[in-house]
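> Please find one structure pasted underneath; my questions will follow.
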Amino acid sequence: MKKWLKILIKVLASIVMLLIIILFFSVSSIDTTPYFETDYYKNTIEKFDQQISNKKIAQGQLKAGFASINITPPIARGNEDPKKGNFNNIKLAGFGDGKIAIGVHDSIFAKAIALEVENKMVILVGADLLMMPETIVDKIVEKLKNNKVNISRQQLFFGATHTHSSIGNCVPGYIGKAFAGEFQPEIVEWLGEKFTQVILHAISDKKPAKMASAYKHVPNLIRNRIIGETGRLNNKLSVISVKQDNGKQAAVGIFAAHATVIGSWNDQYSGDYPGYFQRSLESKGIDMAMFFAGTVGSHTNKGEGDRFDKVAFIGNALADSAKVLIDSLEYSQVASMSSITTEIEVPKLQIIYLGNRFRLSSWVGEKLIPKKNAVLLQGFQLNDVIWTAMPYELSGEYAIDLKNALELQGYNSIFTSFNGEYLGYIVPAKYYYYDTYEARLMGWYGPSMGDYLMELNFKLANSLTESRL
């Protein structure tokens, strides 16, 4: 009996020791190394400087083309038909407890605008989706190449409306499954084909055109969700309007309020308030309206009513403000355009809050979040517009200083999220240890990440404006 007791004690001791070793290697202290002393920063700046040195400015007649395509999947009642978009088990992306889509409240779309000056072209690609996953972007690039279209990834500027009532199942890994359901490559294939079609249609639609931009403060429709009324607020609705010489017109709205008016109670496809914004503008004579989520990393919506009444209130109110801006614009046919795309390296993962000093070790984090491939930061200048396409959700508080600096130089600045990758929420370092969803659950790269990325955003703006802001 004593022999078996000794064996049991040894086994238990071995298990305890093994658990201690696993715990030791699974937990790490927060890395507070100044980002400007790291290899990832030095490598990124080296690549950035190389891209800046290759920048060219095109000047001449603006050409523009636009296109839209419905991406609302039919609800399959029997066998699925992925080639036709018939799926019967799509999860609405965005909420951890989200539901399987069983119907359509309002249709969702993918849209594109091709902008060209003297054979230099950039293409704005957006959709009523939670984000633009890397899987879909890679599929689009592959299909464009197969169609023998000479369009590079560097020319494509991706974004999304960030509705939480749209197509999920497009992101592999544990985090992707938690927020958007089990990864289904058939859905990625179908969406990749849809996006490829809308891009090709926008390119083929190019005609001589003119453009203008403006912005308007709309503080009644947005609030700071981290700190409330005492927090800084990026409440600018930015608008770009493009008119072809044949009279056809497209308008783009960019706003920083989260498209989460619709909660996890919903089980139908919907574009949330950005969908109402787009439909309302199109009912007012705009041929095609787009919407891009702006600096949504700390801002949410504010409005009147409940559920879909509130959705309609916010979307229609934003559209009314946008139409007032559009009606007062002065257009220019002669355009100046430049663009920069650079690859950024990121620090090691520091996900899952375990205490003010500790997070999961990076090797554990990589089991939960797939390793990133090329993470791109992109920007272009078109007359007085500076557009920055970011692969993360930047806090509206972070954006204010750069937007104000650009405004003093005479530029209308636009910051859009979800550019084909996703690095989580980027909030000011002062909030890193604050008990918030944005910092504790969605802040994945440590307290210096925001300052690091904002330096890159300033560097990009400096290069596009050829100034020092």
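First residue of the sequence shown? That's 701 in the numbering used here, and the numbers climb one at a time after it. Glycine included, every Cβ here is placed at the ideal spot set by N, Cα and C. Since this is a predicted model, take the numbers as computed values, not measurements.
#1: Could you name the residues that DSSP lists as bridge partners for Val918?
#2: Mind checking which residues open and close the beta strand (DSSP E) that includes Val952?
#3: Is it right to say Gln1173 is buried, meaning 16 or more other beta carbons lie within 10 angstroms of its own, or is it exposed?
#4: Report the rounded CA-to-CA distance for Leu1076 versus Arg925, giving the unit in angstroms.
#5: Tell me, please, which residues DSSP counts as bridged to Met911.
#6: Would you mind listing the alpha helix (DSSP H) stretches within the region 955-1009 that are 4+ residues and don't spill past its ends, in chain order?
#7: Pop quiz: Ile1014 and Leu921 are said to be a contact at Cβ under 8 Å. What is the actual Cβ separation, rounded to whole angstroms?
#8: Determine the closest residue to Ala950 out of His917, Val1011, Leu824, with distance taken between C-alpha atoms.
#9: Could you check which residue in Leu1164, Ala814, Phe787 has the C-alpha nearest to that of Asn754?
#10: With distances taken Cα to Cα, identify the nearest neighbour of Ala1035 among Ser913, Phe879, Asn786, Pro872.
#11: Work out the CA separation of Ala767 and Ser904 for me, nearest whole Å.
#12: Would Gly1068 and Gly794 qualify as a contact pair, given that the criterion is a beta-carbon distance under 9 Å?
#13: Spell out the partners DSSP gives Ser728 in its beta bridges.
#14: Pick out whichever of Tyr1131, Lys1071, Glu1030 has its Cα sitting closest to the Cα of Lys910.
#15: Using a Cβ-Cβ distance cut-off of 9 Å, determine whether Ser1167 contacts chain B.
#16: Buried or exposed for Val888, going by 16 or more other Cβ atoms inside 10 Å?
#17: Specify the secondary structure class of Gln751 as computed by DSSP and reduced to three states.
#18: From the DSSP output, which residues share a beta bridge with Ile808?
#19: Apply the 10 Å Cβ neighbour rule to Thr732 and answer buried if 16 or more other Cβ atoms are within range, or exposed otherwise.
#20: CB-CB under 6 Å to Asn934, same chain, minus the five flanking residues each way: which ones, in chain order?
#21: Could you name the residues that DSSP lists as bridge partners for Lys936?
#22: For Glu1043 versus Lys742, is the C-beta distance shorter than 9 Å?
#23: Just to check my reading of the structure: Glu893 and Lys843 have Cβ atoms closer than 8 Å, yes? What is that Cβ distance to the nearest angstrom?
#24: Leaving out five residues before and five after Ile962 in sequence, what residues of the same chain have Cβ atoms less than 7 Å from its Cβ?
#25: To the nearest angstrom, how far is it from the Cα of Ile769 to the Cα of Thr835?
#26: Excluding five sequence neighbours on each side, which residues of the same chain lie with their C-beta closer than 8 Å to the C-beta of Phe1058?
#27: Taking 9 Å as the threshold (C-beta atoms), are Phe1080 and Leu1094 in contact?
#28: Which of the three DSSP states is assigned to Asn1119 in this structure?
#29: What residue range does the beta strand (DSSP E) around Gln1081 cover?
With the given structure in hand:
#1: Answer by DSSP bridge pairing: none, since Val918 is not bridged.
#2: From DSSP, the beta strand (DSSP E) with Val952 extends over 949-955.
#3: Since the first residue shown for the chain is 701 and the last is 1169, residue 1173 is missing from the structure and cannot be characterised.
#4: Computed Cα separation, rounded: 27 Å.
#5: For Met911, DSSP records a beta bridge to Val942, Ser1032.
#6: 972-983, all fully within the region 955-1009.
#7: Right, their Cβ atoms sit about 6 Å apart.
#8: Distance from the Cα of Ala950 is smallest, within the candidate group His917, Val1011, Leu824, for Leu824.
#9: The option with the nearest alpha carbon to Asn754 is Leu1164.
#10: The alpha carbon of Ala1035 has as its nearest neighbour, out of Ser913, Phe879, Asn786, Pro872, the alpha carbon of Ser913.
#11: Cα-Cα distance, rounded: 9 Å.
#12: In the sequence on display, residue 1068 carries Leu and not Gly. Gly794 is positioned such that its CB atom lies no closer than 9 Å to that of Leu1068.
#13: Paired residue(s): Arg1059.
#14: Checking every option, the nearest Cα to that of Lys910 belongs to Glu1030.
#15: Absent from the structure: chain B. Only one protein chain is present.
#16: With 16 or more other CB atoms across the displayed protein chains lying within 10 angstroms of its CB, Val888 is buried.
#17: DSSP places Gln751 within a helical segment (H, G or I) once states are collapsed to three.
#18: Paired residue(s): none; Ile808 is not in a bridge.
#19: Counting Cβ neighbours within 10 Å, Thr732 comes out exposed, since fewer than 16 surround it.
#20: Once the five neighbours on either side are set aside, the close Cβ partners of Asn934 are Ala956, Thr995, Gly1096, Ala1099, Ile1100.
#21: Partner residues in the beta bridge of Lys936, as assigned by DSSP, are His917.
#22: No, the pair does not count as a contact, with Cβ atoms beyond the cut-off.
#23: The pair is a contact, with the Cβ atoms about 7 Å apart (cut-off 8 Å).
#24: Contacts found: His864, Ser865, Ser970, Asp972, Val1011.
#25: Rounded to the nearest whole angstrom, the CA to CA distance from Ile769 to Thr835 is 20 Å.
#26: Once the five neighbours on either side are set aside, the close Cβ partners of Phe1058 are Val727, Ser728, Ser729, Ile730.
#27: Result no, Cβ atoms of Leu1094 and Phe1080 do not sit closer than 9 Å.
#28: In the displayed model, Asn1119 falls within coil according to three-state DSSP, outside both helix and strand.
#29: Boundaries of the beta strand (DSSP E) around Gln1081: 1076-1082.
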